[in-house]
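Numbering (the numbering used here), first residue to last: 188 to 535. Each residue gets a CB set at the ideal place from its N, CA and C atoms; glycine is no exception. Encoded as C-alpha cells, the structure appears first; notes follow it.
Okay, structure coming up:
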C-alpha cells in the first residue's frame, strides 16, 4: 500500500464504502440467491462479475475427473488484462492449513508438544500475555487461547504491521478475551506465536520447512511466502470498495495459484500428505478447509465430501461490511449445485 496517501484514502474508503454497501448490497445478496441457476460454472462466474466482483478464479477437482479451471473478469482492471486461471493470489488465512500441518509434523517428530505452553516456549512473554503459563499450543492452533487478535487493532488495515515484533506489540499487556479453553475466538495472534515457536525450534523460517515437507513432495512450484519472491505482474490485482487503487502491492503472506492450493487441499483431505500418526494428530487439532480475507482478496478452499470434490475460489474484490464475503459464499454454493446437477442430470 502506498504510504501516507494510501493510509488516509483507505480510512476514507472504510467510511464511504460502508455507506454505499449498506444501501445497495443487501438487495444484491437477495438477487444473487434467487436468480435462476445457470447450467455451467462459466455462466455463474459471469453472473458473479455482473454482481460487482472485478475478477474470479475457480479450480475444481472432482474425483475421477480431470481438474477444471475457470476465470472471469479482470486480472488487472487498469490495464484491461483478463483474469487468468494461473494467476498468483494472496491466500491470506488459508495459510493456516499449511501452518497447522507443519506444526503437526513437528509434533509427530517429537520436536514440539501440543500440551506445552507459551511460557515454556516463549518465556519472555510471561507477564506480557495473560495466562501465558496456561495457553498451550493445542489451544492456540484451535483459536481457544483467549489472546486478542492483533489484526483487530483500530485502523489495522490502513497501515498493516510488517514484522513479528510490530504485530505482537499490538496485543502485549492487553487483557485476555476469555480464560484459556473456555471459549472460541478466531485470532491471528495465535498463528503469529505458533510460527515464532516453530521458527525457534527449527532455527530457520518455518516456511522453508513447509517447502521441504509439504510443497516439494506435492510438486507445488507456484506457492510462495512473500511478494518479494514473485513477478508481481503475475499477481491478480485486488480491489476494495471505495478505495481507488490496486492493492496487490505490499506484503501479506503467502501467494499461490488456485491449482496449487487445490492440489494441497486434496492431499490434506485424502491423507496422502500425512505420514505415521500425523493424520490422527492433525484431525485432533484443526480443520480440513479454510477461507481467507485481506483487503482486496478473499479466498475459499473447500472440500465437499458428498461429491468428493475440492473447490478453490478466489475473488479479488472486498468491502468494509463483508457483504461481498456473503455474496461470494452464495456464488460458491451455486457452483456446487451446478456440479451436482451436471453429475446427476434430470431425465427428460
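Please return the same chain residues whose Cβ sits closer than 7 angstroms to the Cβ of residue i, not counting the five positions on each side in sequence.
{"i": "residue 282", "result": "440, 441"}
{"i": "residue 298", "result": "388"}
{"i": "residue 292", "result": "400, 465"}
{"i": "residue 233", "result": "259"}
{"i": "residue 319", "result": "304, 305, 306, 312, 313"}
{"i": "residue 208", "result": "In this prediction, residue 208 has a pLDDT of 45, which is less than 50 and means its spatial position is unreliable; what the coordinates show is noted afterwards. Closer than 7 angstroms at Cβ, skipping near neighbours: 428, 506, 507, 508, 510."}
Are there 16 or more other CB atoms within 10 angstroms of the CB of residue i, so buried, or fewer, so exposed?
{"i": "residue 331", "result": "buried"}
{"i": "residue 452", "result": "buried"}
{"i": "residue 515", "result": "buried"}
{"i": "residue 288", "result": "buried"}
{"i": "residue 359", "result": "exposed"}
{"i": "residue 424", "result": "buried"}
{"i": "residue 224", "result": "exposed"}
{"i": "residue 241", "result": "buried"}
Give me the Cβ distance between residue i and residue j, rounded to the nearest whole Å; I'm assuming they're in contact under 8 angstroms.
{"i": "residue 367", "j": "residue 326", "result": "5 angstroms"}
{"i": "residue 448", "j": "residue 488", "result": "5 angstroms"}
{"i": "residue 427", "j": "residue 482", "result": "5 angstroms"}
{"i": "residue 270", "j": "residue 243", "result": "7 angstroms"}
{"i": "residue 363", "j": "residue 334", "result": "7 angstroms"}
{"i": "residue 456", "j": "residue 475", "result": "5 angstroms"}
Could you give the distance in angstroms between the alpha-carbon of residue i and the alpha-carbon of residue j?
{"i": "residue 345", "j": "residue 338", "result": "11 angstroms"}
{"i": "residue 522", "j": "residue 307", "result": "46 angstroms"}
{"i": "residue 471", "j": "residue 462", "result": "15 angstroms"}
{"i": "residue 206", "j": "residue 409", "result": "Annotation note: pLDDT 42 at residue 206 (below 50); position unreliable, coordinate value reported separately. Computed Cα separation, rounded: 38 angstroms."}
{"i": "residue 302", "j": "residue 322", "result": "9 angstroms"}
Between residue i and the rest of its own chain, which residues show a CB-CB distance below 6 angstroms, the 5 nearest in sequence each way excluded?
{"i": "residue 480", "result": "279"}
{"i": "residue 357", "result": "337, 340"}
{"i": "residue 218", "result": "none"}
{"i": "residue 411", "result": "417, 442"}
{"i": "residue 263", "result": "424"}
{"i": "residue 499", "result": "246, 445, 448, 449, 488"}
I need the DSSP call for residue i, collapsed to helix, strand or coil.
{"i": "residue 222", "result": "coil"}
{"i": "residue 294", "result": "helix"}
{"i": "residue 481", "result": "strand"}
{"i": "residue 252", "result": "coil"}
{"i": "residue 417", "result": "coil"}
{"i": "residue 272", "result": "coil"}
{"i": "residue 299", "result": "coil"}
{"i": "residue 442", "result": "strand"}
Suppose the cutoff is 8 angstroms on Cβ atoms and the five residues either side in sequence are ignored; what does the same chain contact list for residue i look like?
{"i": "residue 236", "result": "242, 243, 259, 260"}
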